[in-house]
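The numbering of the sequence shown is the working numbering, which starts it at 67 and goes up by one. This report concerns only the one structure given below.
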Amino acid sequence: GRDGGLSFLGYVVESITRASDSPSEAVQTGMAKALLAIMTCSKCGVHEAAMLQAVRSTFHVYLVGKSPAGKDIAKRTLVDMLKCVFNRMEAYDLMYRDEEQNAAKQGSEA
Numbered sequence: 067g068r069d070g071g072l073s074f075l076g077y078v079v080e081s082i083t084r085a086s087d088s089p090s091e092a093v094q095t096g097m098a099k100a101l102l103a104i105m106t107c108s109k110c111g112v113h114e115a116a117m118l119q120a121v122r123s124t125f126h127v128y129l130v131g132k133s134p135a136g137k138d139i140a141k142r143t144l145v146d147m148l149k150c151v152f153n154r155m156e157a158y159d160l161m162y163r164d165e166e167q168n169a170a171k172q173g174s175e176a
């Protein structure tokens, strides 16, 4: 949260990412799918440390994966996560730019 501790969603992401150390491909695949669902959900809004932890854990699964199928799932998950992050970033940038332009217009009209 804002007090420096983790938000509820941060705890959820932290719990899920613990599965990245599992030797089971099924567990790692489940982790990747769960993190992708959280990261791409418009209602969740994963930010900061939780976002980095999700990306880092999925990347770890890709690096330590033994099977091509498991590595492919981790790779596709990373690509989808990062696309979502960049789309959000660009949307916020446009929103911020519009707010600045509106404020500048109101300031010049006064």
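We put the beta carbon where it would ideally sit given N, CA and C, even for glycine.
(request) Assign residue 158 to buried or exposed, taking buried as 16 or more other Cβ atoms, counted over all protein chains shown, within 10 Å of its Cβ. (result) exposed
(request) Please report the Cβ distance between residue 151 and residue 117, rounded to the nearest whole angstrom; I am assuming they are in contact, meaning their Cβ atoms lie under 8 Å. (result) 7 Å
(request) Pick helix, strand or coil for residue 150, following the three-state DSSP scheme. (result) helix
(request) Would you decide whether residue 111 is buried or exposed? Buried here means 16 or more other CB atoms lie within 10 Å of its CB. (result) Flag for residue 111 reads exposed.
(request) Can you say whether residue 147 is buried or exposed, counting buried as having 16 or more other CB atoms within 10 angstroms of its CB? (result) buried
(message) Pairs of beta-carbons, one from the stretch 163 to 173 and one from the stretch 121 to 130, closer than 8 Å: are there three or more?
(response) With a cut-off of 8 Å, the stretch 121 to 130 and the stretch 163 to 173 do not count as touching, because too few Cβ pairs lie within range.
(message) Spatial neighbours of residue 85 within its chain, please: C-beta separation below 6 Å, excluding the five flanking residues on both sides.
(response) 93 and 97
(message) Going by DSSP in three states, residue 112 sits in which element: helix, strand or coil?
(response) coil
(request) Express the C-alpha separation of residue 166 and residue 156 in angstroms, rounding to a whole number. (result) When rounded, the distance between both Cα atoms is 15 Å.
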